[in-house]
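Single-structure report; data block below.
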Amino acid sequence: MKEFIEGSYAIAKIIKLCKPGVISAYPITPQTHIVEGLAQIVADGELKSEFINVESEHSAASVVLGASAAGVRAYTATSSQGLLLMTEVLFNIAGMRLPLVLTCANRAISAPINIWNDHQDSVTVRDSGWIQLYAETVQEACDLHIQAYKITEDHNIQLPVMICIDGYLLTHCGEVVDMPSQGEVDKFLSPFSPLYKLDVANPITMGVLGDPDCYMETRYAIQETMKDVLKLIPKVAGDFEKAFGRLSGGLVEKYKTDDAEKILVAKGSLVGTLKDVVDDLRTKGVKIGVLKVVSHRPFPEDAIFDALKKAKYVGIVEKSISLGAYGPLYTDIKALFQGKKESPCINGFVIGLGGRDVTKESVKEIIDQISEFGPTNKFIGLKL
Amino acid sequence: MTEKLITEKKLFACGHTACAGCGQSLGARLVLEAAGPNTIVTNATGCLEVFSTRYPESSWGVPWLHSLFENSAAIASGVESALKHLGKIDTIRVISQGGDGGTADIGLQALSGMMERGHDILYVCYDNEAYMNTGIQRSGLTPFDTNTTTSPAGKISSGNPLPKKNMVEICAAHRIPYAASSSVGFPLDVQSKVKKALSIRGPKYLHLHVPCPLGWRHPSNLTINIAKLAVETALFPMVEYEYGKLVSSRKLVTIKPVEEYLKPQGRFAHLFKDEKGKQEIAKIQQIANQNIEYYNLKATK
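Sequence order for the protein chains is A and B.
Residue numbers for the first sequence follow this note's numbering, so the first one is 33 and each next one is one higher.
Residue numbers for the second sequence follow this note's numbering, so the first one is 3 and each next one is one higher.
See the structure below:
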């Protein structure tokens, strides 16, 4: 049923439909409305779940780790400093192959302290072994959460999923959302049936010491599983489309790229602005398109190659920077074209850090600078 | 004494790689045998985790979960919440455990959160009074004047200049139903306190004194004797708190001088060299005397 709703409360409602038995969180702006919404849902008896108010994000991540190990579907959400405080636990969850879903309401990193949106938080933990999916709209954010549980709980995957949603731009944005019914979600998402769990009838040891004889194989196993995730994500998106009647998620989304000479590449809500600019320019006959990267981890190398290989110019537009080097998505995309015969000129741009507005004009500024000898990590919209 | 301490069914199997005379491995076995098989254990990073779970081997005959150094109490909170959700919390006990560093230093926040939230968990701290797994570095539970690798005795130092943190009182201050201390020198006391704790719903805390031959530098056959001496000199009082109130303490008929406890341990050897050492020992005796008075340890006839 369609309803006009704030992004955070929409996500809370979606999580309710996914029925996690344990929810744990620590408040941080702009994640708060999501967990407040869930707390109210639990308080009203609409969801039978243990809502655990913890004393830090480190413990929030640890509580859901314990719950998942004990065989119960769990959920947490955070932002920015909270995600960084969780970092140690995030790596641990992935290494232990525990199914979990986390919402990251993307926000800049201190210092200086800044509560507004960019992608530096989630991008910083991209090496943790979590699957990272970025939402463009509130609708997509909702749909990705349902798909996330399906992906993480697949017995061939058993890797946690982080749904990345732009803070404020999506979390606090009112949008018309097609909210599925409980019956529809139940049909799509089976109850959690973990491959292994803490069980007194069949005691197992979880979180062992891995010495040099076995540690490397555990990392290799995750790397190999990520390849399976690349196959599963489109399948789950396809199944979702059949069940709910709309295409959401997938690895990438191509927007007017087929005949495009220039393609802009981005993640999250920024893609909406890029699409607007592309629409404007298309009316003037400019052959330009947008490639939306939904899955940053695993990195969909083949899908991105196919989408970009025929373009002359590519502009990577990122809300994060590996300080002292390049934007991480720029690096990834440059790497995938290494040694390929077909290779566009790839330029890198950094935009919208700490909530700096991304305007159509700033996007046009980017497009004007894309060239054969264009920039690798150009900051756009600086006030110098 | 007719009660059999160790049952046939091995919930904590031998064959692990702990040092000879390890007080912590003995403590873990006593705790688990008293708890029984319907128990899920979470463990902090540390000696116990390392020596008992080197892949592909494990000593644990119960479901066992280790995550990180500071989050044993938090992952236990998650396990307990999951059991509540599944309706199994009345039949399965949850024990969360860690060493002195994992409990009193890096894990204190998570432990406080666990107690404050009222989780039905017994937390056990195996206190061997320093970071033994990383090579005998000082922790918040290292006693005054101990020679450790990061609080070494030297020309102008008598070792650790700071007092031992009082974890039992910190936990009791959370007004939890039960907070107690015990020692592997008194196995029956350990087991009766574990059983008592597990019969109570809500958060419980048990502080176990466990000598470490490697870090305390005593012969491995003296573990039990030294554990007993800590209690008998009043340097480690065995006490029980219920809802924040001290309800019992192990009384001592004869209270031994602290030298008897300090002398056999290499970590205090620097105190037995000169006049300055004598003065330091007098300060340690003062700590014992304060314990005697504060916990009313003297037996009355």
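Virtual Cβ for every residue (Gly too), placed ideally from N, Cα, C.
Within 10 Å of its beta-carbon, does residue i have 16 or more other beta-carbons around it, so buried, or fewer, so exposed?
{"i": "B:T4", "result": "Because the pLDDT of B:T4 is 48, which lies under 50, any placement of that residue in the model is unreliable, and the number read from its coordinates should be weighed accordingly. Burial call: exposed."}
{"i": "A:M248", "result": "exposed"}
{"i": "A:V346", "result": "buried"}
{"i": "A:K299", "result": "buried"}
{"i": "B:T256", "result": "exposed"}
{"i": "B:D147", "result": "buried"}
{"i": "B:T235", "result": "buried"}
{"i": "B:T105", "result": "buried"}
{"i": "B:S159", "result": "exposed"}
{"i": "A:G356", "result": "exposed"}
{"i": "A:R105", "result": "buried"}
{"i": "A:T110", "result": "buried"}
{"i": "B:A132", "result": "buried"}
{"i": "A:Q63", "result": "buried"}
{"i": "B:C16", "result": "exposed"}
{"i": "B:G20", "result": "Per the sequence presented here, residue 20 of chain B reads as Ala, with Gly not at that position. Looking at its Cβ environment, which holds 16 or more other Cβ atoms inside 10 Å, B:A20 is buried."}
Can you tell me whether DSSP reads residue i as helix, strand or coil?
{"i": "A:N138", "result": "strand"}
{"i": "A:T305", "result": "helix"}
{"i": "A:S112", "result": "helix"}
{"i": "A:P407", "result": "coil"}
{"i": "A:M238", "result": "strand"}
{"i": "B:G120", "result": "coil"}
{"i": "B:L13", "result": "coil"}
{"i": "A:E38", "result": "strand"}
{"i": "B:G25", "result": "helix"}
{"i": "B:S83", "result": "helix"}
{"i": "B:R95", "result": "strand"}
{"i": "B:A37", "result": "helix"}
{"i": "B:R1", "result": "There is no way to answer for residue 1 of chain B, as the model of chain B reaches only from 3 to 303."}
{"i": "B:A290", "result": "helix"}
{"i": "B:G104", "result": "helix"}
{"i": "B:S114", "result": "helix"}
For a quick check, are the C-beta atoms of residue i and residue j less than 8 Å apart?
{"i": "A:G22", "j": "B:A84", "result": "Nothing can be reported for residue 22 of chain A, as the shown portion of chain A is limited to 33 through 416."}
{"i": "B:E261", "j": "B:I283", "result": "yes"}
{"i": "B:T47", "j": "B:L28", "result": "no"}
{"i": "B:V96", "j": "B:D122", "result": "yes"}
{"i": "A:I84", "j": "B:S79", "result": "yes"}
{"i": "B:H220", "j": "B:V186", "result": "no"}
{"i": "A:S154", "j": "A:C136", "result": "yes"}
{"i": "B:V241", "j": "B:L231", "result": "no"}
{"i": "A:V86", "j": "A:V74", "result": "no"}
{"i": "A:I378", "j": "A:I365", "result": "yes"}
{"i": "A:T305", "j": "A:K415", "result": "no"}
{"i": "A:R158", "j": "A:N149", "result": "no"}
{"i": "A:H177", "j": "A:C50", "result": "yes"}
{"i": "A:G103", "j": "A:P226", "result": "yes"}
{"i": "B:G120", "j": "A:S91", "result": "no"}
Can you name the start and end residues of the beta strand (DSSP E) that residue i belongs to?
{"i": "A:D198", "result": "V193 to D198"}
{"i": "A:E285", "result": "V284 to Y287"}
{"i": "B:S183", "result": "Y180 to S185"}
{"i": "A:F83", "result": "E82 to N85"}
{"i": "B:E66", "result": "Just to set this straight, residue 66 of chain B is Trp in the shown sequence, not Glu. Looking at the DSSP string, the run of the beta strand (DSSP E) that includes B:W66 is W66 to H68."}
{"i": "A:A93", "result": "Taken as a continuous stretch (DSSP letters only), A:A93 belongs to no beta strand (DSSP E), being part of the alpha helix (DSSP H) at E89 to A101."}
{"i": "B:T41", "result": "T41 to N45"}
{"i": "A:Q164", "result": "I163 to Y166"}
{"i": "A:V209", "result": "G206 to D210"}
{"i": "A:E350", "result": "Y345 to E350"}
Would you kindly report the start and end of the unbroken alpha helix (DSSP H) that includes residue i?
{"i": "B:N73", "result": "Note, B:N73: premise wrong, no alpha helix (DSSP H); not H, not E."}
{"i": "A:K219", "result": "Q214 to F220"}
{"i": "A:F272", "result": "Y247 to F276"}
{"i": "A:K366", "result": "P360 to L368"}
{"i": "B:S222", "result": "From DSSP, B:S222 is part of no alpha helix (DSSP H); its letter is neither H nor E."}
{"i": "B:E244", "result": "Careful: B:E244 lies outside any alpha helix (DSSP H), inside the beta strand (DSSP E) at V241 to E244."}
{"i": "B:L248", "result": "B:L248 -> not in any alpha helix (DSSP H); beta strand (DSSP E) instead, spanning K247 to S251."}
{"i": "B:Y263", "result": "V260 to L264"}
{"i": "A:L70", "result": "T64 to A75"}
{"i": "A:C174", "result": "V170 to T184"}
{"i": "A:F337", "result": "E333 to L340"}
Throw me the rounded Cβ distance for the residue i and residue j pair, which I believe falls under 8 Å.
{"i": "A:V326", "j": "A:L283", "result": "6 Å"}
{"i": "B:C127", "j": "B:H18", "result": "With a Cβ gap of about 20 Å, B:C127 and B:H18 do not count as contacting."}
{"i": "A:L116", "j": "A:I145", "result": "Their Cβ separation, rounded to whole angstroms, is 13 Å, which puts A:L116 and A:I145 out of contact at 8 Å."}
Since residue i meets chain C, which of its residues come closer than 7 Å, beta carbon to beta carbon?
{"i": "A:I236", "result": "The structure shown contains no chain C; the protein chains it does contain are A and B."}
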